[in-house]
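Quick note, the sequence shown lines up with residues -23 to -1, 1 to 80 if you use mature numbering (1 follows the signal peptide of the UniProt record, and there is no 0). Positions of the beta carbon are idealized from the N, C-alpha and C atoms, including for glycine.
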Amino acid sequence: MKRLAATTLTGIAVLAFAAIAQAEPDGEAIYNQACMACHMTGAAGAPIKDDEAAWAPRLEQGMETLYDHAINGFQAMPPKGGQMNLSDEEVKAAVDFMLEPML
Ligand code: HEC
């Protein structure tokens, strides 16, 4: 009986870990780490987070184009903000975090 309980607990722990591993990437953390240096200061002409006038014409391109430009780069915007270790999903989460207040 004891062994059964231990096995069940291990199973629950594995399931909980799997759920955490599959959770949505944390857009805020990724933004802070990979995007903020330019998108908070306007460095290199980057549109500043929450600057609606700067983002309005960009938002008109649609989210798919903005995701594409964030992942693959666009003029002075380096692909993935220069952090090629980020997955496409992580970059998209950072775009969502940056633009969500304006959507
Ligand atoms: C080295 C500075 C720099 C970093 C780091 C950076 N960006 Fe940018 N980003 C720019 C610049 C500059 C532009 C404006 C490009 C232009 O329009 O010429 C831009 C534009 C964008 C755009 C708008 C593209 C468009 O089509 O208008 C998005 C979306 C974006 N960045 C997302 C991100 C995300 C997400 C990150 C972090 C993963 C990030 N950027 C990191 C400099 C940076």
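In the DSSP assignment, find the unbroken alpha helix (DSSP H) run with T42 in it and report its ends.
M40 to N49
Where the alpha helix (DSSP H) containing P34 begins and where it ends:
E29 to L36
Thinking F76 and A11 are a contact (beta carbons under 8 Å), I'd like their distance in whole angstroms, please.
One detail in the question is off: residue 76 reads as Leu in this sequence, not Phe. Not a contact, Cβ separation roughly 15 Å.
DSSP three-state call for M61: helix, strand or coil?
coil
Just to confirm, does G39 get its C-beta within under 7 Å of one of the non-hydrogen atoms of the ligand HEC?
no
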